[in-house]
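All residue numbers for the sequence shown refer to our numbering, where the first residue is 25 and numbers rise by one.
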Amino acid sequence: MKKIAVLILGLAILSGCGLYKDIKGQIEKTTPKITRKSAPSTKIKTVRTDFQWNGAMKDAEHPAPQDFLNNQTIARVKNNEKIQITVKKKVKLGVMESAYLSDMMLTMIPESGVDVTEISLKELESGVWQFQMPSKSGKYMYILKEFYGVGVDIGYYVTYYFGLEVTYHF
25 MKKIAVLILG LAILSGCGLY KDIKGQIEKT TPKITRKSAP STKIKTVRTD FQWNGAMKDA
85 EHPAPQDFLN NQTIARVKNN EKIQITVKKK VKLGVMESAY LSDMMLTMIP ESGVDVTEIS
145 LKELESGVWQ FQMPSKSGKY MYILKEFYGV GVDIGYYVTY YFGLEVTYHF
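Written out as structure tokens, the structure reads:
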């Protein structure tokens, strides 16, 4: 009986230590897959900036839209296109614990940097959300913030940026 207790305690300690070292791996599991609905194999590149995950934290300066949109590869989409975001709803934190997606916020900022707009996300199915393009053509920076929690605690978040150039469709 003592051997089993020691073995379980050893596994708990090892999994806890390994967990801290594998924070990047845990966060990678939450990286959203952002695609155009009309071309789901085309992925839109995201840039992770800040996070709080399992005791680790990284703060980041939010880039200005002009700097971000001019220095990143951005996808070109038509204004009648729909964009889909696919995320993991459950991520393992250790042997016995999991964090669940509790909320997502999507914000759109035009290249000018004014008129920051919160975008509503429509859930299509478990783990898949969709949003509509703005009607005006131009370059837009999007900020996606995912909140994960254990029970009622929302203690984990990851922030991603991506850019889209919207063109007018006749």
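Heads up, the beta-carbon is just placed ideally off N, CA and C, and yes, glycines get one too.
Keep in mind that this is a model prediction, so the values were computed, not measured.
- What runs of the alpha helix (DSSP H), each 4 residues or longer, lie entirely inside the region 41-122? 47-54, 89-95
- Indicate the three-state DSSP secondary structure (helix, strand or coil) for E135 in the structure shown. The residue given as residue 135 occupies position 111 in the sequence shown. In the structure shown, E135 sits in coil (DSSP, three-state: anything other than H, G, I, E or B).
- In the DSSP assignment, what residue or residues form a beta bridge with L130? In the sequence shown, the residue the question calls residue 130 occupies position 106. In DSSP, L130 forms a bridge with I143, L168.
- Task: Indicate the three-state DSSP secondary structure (helix, strand or coil) for K160 in the structure shown.
- Result: Locating residue 160 in the sequence shown gives position 136, where the first residue counts as 1. Correct three-state label for K160: coil.
- Query: Would the beta-carbon of M132 be found less than 7 Å away from any heavy atom of the ligand ZN?
  - Reply: You won't find the ligand ZN in this model; it holds no ligand whatsoever.
- Tell me whether the beta-carbon of Q108 lies closer than 8 Å to the beta-carbon of T59. For the purposes of this step, residue 108 is taken as residue 84 along the sequence shown, with counting starting at 1. For the purposes of this step, residue 59 is taken as residue 35 along the sequence shown, with counting starting at 1. It is a contact, given that the beta carbons lie within the stated cut-off.
- Residue nearest to A84 in terms of C-alpha spacing, selected from D139, T183, I143, P134: Residue numbering aside, residue 84 sits at position 60 when the sequence shown is read from its first letter. Minimum Cα distance to A84 is reached at T183.
- Task: Using the Cα positions of Q50 and A99, report the straight-line distance between them to the nearest angstrom.
- Result: In the sequence shown, the residue the question calls residue 50 occupies position 26. In the sequence shown, the residue the question calls residue 99 occupies position 75. Whole-angstrom Cα-Cα distance: 27 Å.
- Query: Is it a yes or a no for the region 114-123 touching the region 161-170, going by three-plus beta-carbon pairs under 8 Å?
  - Reply: no
- Contact set for A88: own chain, Cβ-Cβ below 7 Å, skip 5 residues either direction: On the sequence shown, residue 88 is found 64 positions in, with the first residue counted as 1. Same-chain partners within the cutoff: G137.
- Message: For L130 and Q156, what's the separation of their Cα atoms in angstroms?
- Response: Counting from one through the sequence shown, the residue named residue 130 turns up at place 106. Counting from one through the sequence shown, the residue named residue 156 turns up at place 132. Straight-line Cα distance between these residues: approximately 12 Å.
- Item | Rounded separation between E142 and I133 - CA only | Working through the sequence shown from its first residue, we reach residue 142 at position 118. Working through the sequence shown from its first residue, we reach residue 133 at position 109. If you take the alpha carbons of E142 and I133, they lie about 9 Å apart.
- Query: Within 10 angstroms of its Cβ, does I37 collect 16 or more other Cβ (buried), or is it exposed?
  - Reply: Along the sequence shown, read from residue 1 onward, the residue named residue 37 stands at position 13. Any reading at I37 needs caution, since the residue's pLDDT is 47, under 50, leaving its predicted position unreliable; the model's value is listed next. Its Cβ having fewer than 16 others within 10 Å, I37 is exposed.
- Query: By DSSP, does G151 sit in helix, in strand, or in coil?
  - Reply: Taking the first residue of the sequence shown as position 1, residue 151 is located at position 127. Of the three classes helix, strand and coil, the one that applies to G151 here is coil, per DSSP.
- Task: With DSSP as the reference, label Y192 as helix, strand or coil.
- Result: Position 168 of the sequence shown holds residue 192. Correct three-state label for Y192: coil.
- Residue environment, V30, which counts as buried when at least 16 other CB atoms sit within 10 Å: Taking the sequence shown and counting its residues from 1, the one referred to as residue 30 is at position 6. Bear in mind that the predicted position of V30 carries a pLDDT of just 48, short of 50, making it unreliable; the figure below should be weighed with that in mind. V30 should be labelled exposed.
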